[in-house]
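Colleague: Before we start, here is the structure in question, set down as structure tokens.
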Amino acid sequence: MPTLIDGKSVAAELRAQLRQAVERLWQERGIRPGLALLLVGDHPASHVYVRSKAKACQEVGFFSIVEHLPADTPQTKVLEYIERWNEREDVHGILVQLPLPRHIDEQEVLLRIDPCKDVDGFHPENVGRLVIGLPGFVPCTPAGIRELLRRYVGSLSGKHVVVVGRSNIVGKPVANLLLQKTPDANAVVTVCHTGAPDLRPFTRQADVLIVAMGVAGAIGAEHVKEGAVVIDVGINRVVDSVSGKERLVGDVRFEEVFPKVSAITPVPGGVGPMTIAMLLWNTYRAATGEIWKPHEAT
Ligand code: GUN
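For what it's worth, our numbering labels the leading residue of the sequence shown as 1123, then goes sequentially.
As structure tokens, this is what we get:
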């Protein structure tokens, strides 16, 4: 019987541990971790994500600020918020929810976040640190995937991990993370993407298949090797043809793939909850100064 990888319960366990660590940090050092969240525009899924992140902050005892700006906010205004939060001592983490409206230069905005407060791990300083194996902030979804694999699969050393997707948020960082010569990684990693005329020759080789395409039901049984582990990062809203209601589905056709695999993440309840748990842990580490300080950068 294949194992259902229960991200929801692992995330709940991590949040419970964090609640205790936050309490201790307050008692011992008088520090309460603070996260500032910026949402620009009316992207419906982003609203839901930012609300969930703020609620999660409250549940573990963090201080949080949510700033919601209209879609036509000029870039200079967005940068002003970041500058202000960079300066504030009670703000340890800064998160700008992506995607941003098209008139705003995403890279310019991410570049302005103090890398020591970059709890998303999207600043080029942290991206570079991940690539060359220095300590830094690891993007939350890849960190969550690594944690699930650590618990459910164990050693990935020498295993063939195939990543489908090349986004800066998931595909590229998860490939870099699992490639590291560290005990919890050391995988042989292949990255493929929708530019390939046929994904199957790549995906069928995977011992661990990580799918982050953002295309509902793109991966079926014909893409998966018998006994593989499948991590489905997709969160797609589709209208159910029978009930007419909206529901969430992954990039993987779960029912079809399930009998073939040794373990798989469901959608919802797989990778999604882990992203928020890792964001909270990154913010905690930013508050303790545990990850890295500027003087360590040289
Ligand atoms: N949009 C989709 N995923 C993410 C994420 O992990 N962080 C941010 N900031 N925006 C996102």
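Don't be surprised by glycine CBs; every beta carbon is placed ideally from N, CA and C. Since we're looking at a predicted model, the values are computed, not measured.
Give the straight-line distance between the Cα atoms of residue 1216 and residue 1157, rounded to the nearest whole angstrom.
Modeller: Their backbone Cα atoms lie some 6 Å apart in a straight line.
Colleague: If you draw a straight line from the C-alpha of residue 1394 to the C-alpha of residue 1337, how long is it?
Modeller: 16 Å
Colleague: Sort out for me which residues DSSP pairs residue 1332 with in a bridge.
Modeller: 1285, 1353
Colleague: Starting from residue 1190, trace the beta strand (DSSP E) in both directions and tell me its first and last residue.
Modeller: Unbroken beta strand (DSSP E) run through residue 1190: 1185-1191.
Colleague: So what does residue 1358 bridge to, in DSSP terms?
Modeller: 1371
Colleague: What are the partner residues of residue 1156, as DSSP defines its beta bridges?
Modeller: 1185
Colleague: Taking C-alpha atoms, which residue in 1307, 1183, 1379 lies nearest to residue 1403?
Modeller: 1183
Colleague: Does the separation of the CB atoms of residue 1370 and residue 1390 fall below 8 Å?
Modeller: Cβ distance < 8 Å, so residue 1370 and residue 1390 count as in contact.
Colleague: Please list, following the chain, all residues that have a C-beta closer than 6 Å to any non-hydrogen atom of ligand 1.
Modeller: 1217, 1218, 1219, 1220, 1242, 1262, 1263, 1291, 1397
Colleague: In its own chain, which residues sit with a C-beta less than 8 Å from the C-beta of residue 1322, not counting the 5 before and 5 after it?
Modeller: Only 1344, 1345 meet the Cβ criterion.
Colleague: Would you mind reading off the limits of the beta strand (DSSP E) that contains residue 1312?
Modeller: 1310-1314
Colleague: Hey, would you say residue 1347 sits closer than 8 Å to residue 1309, going by beta carbons?
Modeller: no
Colleague: Please state whether DSSP places residue 1231 in a helix, a strand or coil.
Modeller: In this structure, residue 1231 counts as helix in the three-state DSSP scheme.
Colleague: For residue 1253, which of helix, strand or coil comes out of DSSP?
Modeller: helix
Colleague: Excluding the 5 residues preceding and the 5 following residue 1319 in the sequence, name in chain order all residues of the same chain whose CB lies nearer than 7 Å to its CB.
Modeller: none
Colleague: Do you know offhand how far residue 1152's Cα is from residue 1256's?
Modeller: So the alpha carbons of these two residues sit roughly 29 Å apart.
Colleague: Consult DSSP for residue 1265 and reduce its assignment to one of helix, strand or coil.
Modeller: helix
Colleague: Hey, out of 1162, 1205, 1211, 1161, whose CA is closest to residue 1185's CA?
Modeller: 1211
Colleague: With DSSP run on the structure shown, which of helix, strand or coil describes residue 1406?
Modeller: helix
Colleague: Where do the ends of the alpha helix (DSSP H) carrying residue 1204 lie?
Modeller: 1197-1209
Colleague: Beta strand (DSSP E) containing residue 1321: first to last residue?
Modeller: Unbroken run through residue 1321: none, as it is neither H nor E.
Colleague: For the candidate residues 1413, 1354, 1228, whose alpha-carbon lies nearest to that of residue 1425?
Modeller: Here the chain has residues from 1123 to 1420 only, and residue 1425 is not among them.
Colleague: Hey, how far is the Cα of residue 1305 from the Cα of residue 1276?
Modeller: Rounded to whole angstroms, residue 1305 to residue 1276 spans 10 Å at the Cα level.
Colleague: Quick check on residue 1189 - is its C-beta less than 8 Å from some C-beta in chain C?
Modeller: The chain inventory of the structure shown lacks chain C, comprising one protein chain alone.
Colleague: Determine the extent of the beta strand (DSSP E) in which residue 1275 is found, giving its start and end residues.
Modeller: Per DSSP, residue 1275 belongs to no beta strand (DSSP E) and is neither H nor E.
Colleague: Considering only C-alpha positions, which residue in the set 1375, 1234, 1231 is nearest to residue 1335?
Modeller: 1375
Colleague: List the DSSP bridge partners of residue 1126.
Modeller: Per DSSP, 1386.
Colleague: Per DSSP, residue 1341 is paired with what?
Modeller: Note: residue 1341 sits in a beta bridge opposite 1374.
Colleague: How about residue 1254 and residue 1245: do their beta carbons lie closer than 8 Å?
Modeller: no
Colleague: What would DSSP say about residue 1393, mapped onto helix, strand or coil?
Modeller: helix
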